[in-house]
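Okay, so here's the structure we're looking at.
Numbering (UniProt numbering), first residue to last: 1 to 191.
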């Protein structure tokens, strides 16, 4: 009876902390360890909130994405190949990773601030759709006057998971008028 009771408790992370129920889950056949499930939190209303999971697969001997700090917005991506990005040119750098993004998100490949400031290296074409399962490449632009050497294991960009809103597309003959109207390219001021 005791094992059955703990089996039920182990299935509900809201009732018992995983560190307490883990040994009982390990003893009970057919009960999945809480550590193997998605992380859950309890919001202010007492409801369970499933923490999104970014899944990845290494091709060959790729480097796993890592966060530079606990509050970093993105996961650092690493080059898996030695190569050169020529001066005033671009190159597609392999990461040897495939990813599966959380529901409601897309992946944005963003530059690393240090590379942009110190080496004039920027990132282009950085949108990864949720249903894409191919290898992730990073398109690096070299705006400097010298070649940029990329070594295997260098952090070259960051992957940021951003929520996306998918509105219904509706064509109209006319659109609602606004005070700004069709003004663009500095029409609201340049400073």
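Each residue gets a CB set at the ideal place from its N, CA and C atoms; glycine is no exception.
These numbers were taken from a predicted model, which means no experiment stands behind them.
Quick check on residue i: does DSSP put it in helix, strand or coil?
i	result
residue 92	strand
residue 62	coil
residue 187	coil
residue 139	strand
residue 125	coil
residue 114	helix
residue 103	coil
residue 119	helix
residue 170	coil
residue 179	coil
residue 133	coil
residue 54	coil
residue 25	Any answer about residue 25 is weak, because its pLDDT of 49 lies below 50 and its placement is not dependable; what the coordinates show is given next. In this structure, residue 25 counts as helix in the three-state DSSP scheme.
residue 75	strand
residue 163	strand
residue 157	strand
residue 108	strand
residue 219	No answer is possible for residue 219: it lies beyond the span of the chain, which begins at 1 and ends at 191.
Please name the residue, chosen from the options, that lies closest to residue i on a Cα-to-Cα basis.
i	options	result
residue 82	153, 60 and 137	153
residue 104	184, 172 and 52	52
residue 127	139, 91 and 117	139
residue 163	63, 71, 143 and 102	102
residue 64	73, 70 and 54	54
residue 56	66, 50 and 165	66
residue 86	149, 172 and 62	149
residue 265	125, 142, 110 and 70	Here the chain covers residues 1 to 191 and nothing more, so residue 265 does not appear.
residue 165	59, 68, 113 and 106	106
residue 125	116, 110, 69 and 114	110
residue 151	49, 172, 62 and 48	62
residue 114	68, 181, 191 and 170	68
residue 116	189, 144 and 91	144
Please look up how many angstroms separate the CB atoms of residue i and residue j, rounded, as I've assumed it's under 8 Å.
i	j	result
residue 147	residue 93	That pair is no contact at about 14 Å.
inquiry  = For the stretch 157-177 against the stretch 74-93, do three or more pairs of beta-carbon atoms, one drawn from each stretch, fall closer than 8 Å, so that the two count as touching?
reply    = Counting Cβ pairs under 8 Å, three or more are found: they touch.
*Cβ contact (3+ pairs, closer than 8 Å) linking the stretch 123-134 and the stretch 167-179*: Cβ pair count under 8 Å is below three, so no.
Could you say if the stretch 177-191 and the stretch 114-131 meet the contact criterion of at least three C-beta pairs nearer than 8 Å? With the cut-off at 8 Å, the stretch 177-191 and the stretch 114-131 do not touch.
Exercise. Pair every Cβ in the stretch 134-149 with every Cβ in the stretch 94-101, then say whether three or more of these pairs are closer than 8 Å.
Key: Short answer: they touch.
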